[in-house]
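Read the structure below first, then the notes.
Protein chains: 2
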Amino acid sequence: MMEESVKEFIDKVASSSPTPGGGSIAALAGAMAGSLAEMVCNLTIGKKKYADVEEDMKILRKKCEGIRKRFMELVDEDAAAFDKVMEAFKKKEGIQNALKLAAEVPLDTARESISLLHLLKEIAEKGNKNSISDAGVAALMAQASFNSAILNVRINLKEMEDMDYRKRKENEMAEMKDEMENGFDEVMEIVERWL
Amino acid sequence: MMEESVKEFIDKVASSSPTPGGGSIAALAGAMAGSLAEMVCNLTIGKKKYADVEEDMKILRKKCEGIRKRFMELVDEDAAAFDKVMEAFKKKEGIQNALKLAAEVPLDTARESISLLHLLKEIAEKGNKNSISDAGVAALMAQASFNSAILNVRINLKEMEDMDYRKRKENEMAEMKDEMENGFDEVMEIVERWL
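Chains as they are written, first to last, in our numbering: chain A, 1192 to 1386; chain B, 1192 to 1386.
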């Protein structure tokens, strides 16, 4: 869906088709966060004032680019996984496996959001302070991406019969939530210091 | 920028040009929230089970569409306003006026986010409960849109010399923040009840 125009994509979300829906939007918010993080790196690299962090910023930029690309794949993967759930319900066949996949995709989105928040801490700390609000927006988008992804995991877990799997995933989400909140708070503390 | 592909837009954000930046992303997050809200309306309209709220949902859909379109304009308006700030700094002329415009555009984004959260409360309450996670993601995106917009207002206020204007805008933002948080909490309470 990344080849469609922004307008077309947004129209498609709004339409009466359930995909792309919240799970794809969660991943796209992550991609937007990743691209802003990259921008802050790009606005730091080559600036005399920030020469001593230039090499660090190049490494961070590369890592952000990888995460952003993964998020863009997840936009499509989420829609595909949800389409499979609907198909399974229609056929009354393979529902449980389809639900597991539809829970695993947003879990990946949530994991990438956490990785990005860790990078953002270093970017906010070392990067160009004229772009500090962009680092803040990137953190807000990564947080929204995480929390949106978690809602999508939870709605898919709801109808899952494998209670062991559910319990395991719920514990995993609780741990991830703490890590995300800590990462987010660390970035925003730096942002507030410079704003 | 709405005519560019999603990939092109995200690449442009990531580039070493400061626009589109955090302000445009704030508005785009709002547009994504609006389109998800519309989708929940569309997935409710025409369903037998929800026949008694059909007319309400049609009105809500129309309102969401208007907000979404406004958000899409704000993506471009924010980039244009920030380009003017940079031009003014280069020319050392008209800086204060350019900063005011660059503060007013994200204030508009923040206002639209609040309007959307109010609509989302009714949508979550009356809409199709199979799409409750989408209503939740819409609320999370509206919240991120609001908070991102506010960071952009604040960075533009920082260098403003008109202290009356600054004070007025700071009070306005504090009031808006309360309204946004209340609106957000109301939506998420309904979402949690059904998830």
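We put the CB at the ideal spot given by N, CA and C, even for glycine.
| Query | Result |
| --- | --- |
| Local Cβ density within 10 Å of Met1248/B, reported as buried at 16 or more and exposed below that | buried |
| When Asp1274/B, Glu1377/B, Ala1333/B are compared against Phe1262/B, the one with the closest alpha-carbon | Ala1333/B |
| Distance, Asp1269/B Cα to Tyr1356/B Cα | 20 Å |
| Ala1217/B vs Ser1336/B beta-carbon contact at 8 Å | yes |
| For Gly1214/A and Lys1291/A, the rounded distance between their alpha carbons | 14 Å |
| Of the residues Lys1281/B, Lys1312/B, Thr1210/B, the one placed nearest Asp1267/B, counting alpha carbons only | Thr1210/B |
| contact_flag[the segment 1307-1327 of chain A, the segment 1224-1236 of chain A] where n(CB pairs < 8 Å) is 3 or more | yes |
| Sequence-distant residues of its chain with Cβ nearer than 7 Å to Ile1258/B (five each side left out) | Gly1225, Glu1303, Ser1306, Leu1307 |
| Residue of Lys1281/A, Leu1219/A, Arg1359/A, Pro1297/A minimising C-alpha distance to Leu1342/A | Pro1297/A |
| Runs of alpha helix (DSSP H) lying entirely within the segment 1282-1359 of chain B, each at least 4 residues, in chain order | 1286-1317, 1323-1348 |
| Beta-carbon proximity check, Gly1221/A vs Thr1300/A, cutoff 8 Å | yes |
| Within chain B, partners of Arg1259/A - CB distance below 8 Å | Ile1201, Ala1205 |
| Cross-strand partners of Ser1196/B (DSSP beta bridge) | Ser1196/A |
| When Met1223/B, Gly1318/B, Lys1254/B, Ala1326/B are compared against Phe1265/B, the one with the closest alpha-carbon | In the sequence as presented, Phe is not what sits at residue 1265/B; that position holds Leu. The option with the nearest alpha carbon to Leu1265/B is Met1223/B. |
| Separation of Glu1295/B from Ala1272/B, as counted between CA atoms | 9 Å |
| Rounded straight-line distance, which links the Cα of Thr1235/B to that of Glu1245/B | 7 Å |
| Contacts that Asp1325/A makes with chain B (C-beta to C-beta distance below 7 Å) | Gly1212, Gly1213 |
| The segment 1370-1382 of chain B contacting the segment 1316-1326 of chain B, beta-carbon criterion three pairs below 8 Å | yes |
| Proximal residues of chain A, C-beta to C-beta of Ser1196/B below 8 Å | Met1193, Glu1194, Glu1195, Ser1196, Val1197 |
| Lys1275/A - DSSP class collapsed to helix/strand/coil | helix |
| Own chain, CB closer than 8 Å to Ala1386/A, minus 5 neighbours either side, in chain order | It is Leu, not Ala, that sits at residue 1386/A in the sequence shown. Ile1323, Ser1324, Gly1327, listed in sequence order. |
| Contacting positions in the segment 1297-1314 of chain B - beta carbon closer than 7 Å to chain A | none |
| Residue of Asp1353/B, Glu1361/B, Met1354/B, Ala1330/B minimising C-alpha distance to Arg1345/B | Glu1361/B |
| Exposure label - Asn1399/B; buried when at least 16 CB within 10 Å | Residue 1399/B lies beyond the stretch modelled for chain B, which goes from 1192 to 1386, so this question has no answer here. |
| Rounded straight-line distance, which links the Cα of Ile1286/B to that of Met1354/B | 15 Å |
| Proximity of Met1207/B and Asn1233/A at Cβ, strictly below 8 Å | According to the sequence displayed, residue 1207/B carries Ser and not Met. In this structure, Asn1233/A lies closer than 8 Å to Ser1207/B by Cβ. |
| 8 Å Cβ cutoff met for Ser1196/B and Glu1278/A | no |
| Close-in-space but distant-in-sequence residues of the same chain around Val1382/B (CB under 8 Å, 5 per side omitted) | Ala1315, Ile1323, Ser1324, Ala1326, Gly1327, Ala1330 |
| With 16 other Cβ atoms within 10 Å as the buried cut-off, status of Lys1388/A | Given a span of 1192 to 1386 for chain A in the structure shown, any question on residue 1388/A remains unanswerable. |
| Neighbouring residues, chain A, relative to Ala1220/B (Cβ below 8 Å) | Ala1220, Met1223, Met1332, Ala1335 |
| Within-8 Å CB hit, Ile1217/A to chain B | For clarity, residue 1217/A is Ala in the given sequence; the question names Ile instead. Interface residue, yes. |
| For Met1371/B, the nearest candidate out of Glu1352/B, Lys1281/B, Ala1340/B (CA to CA) | Ala1340/B |
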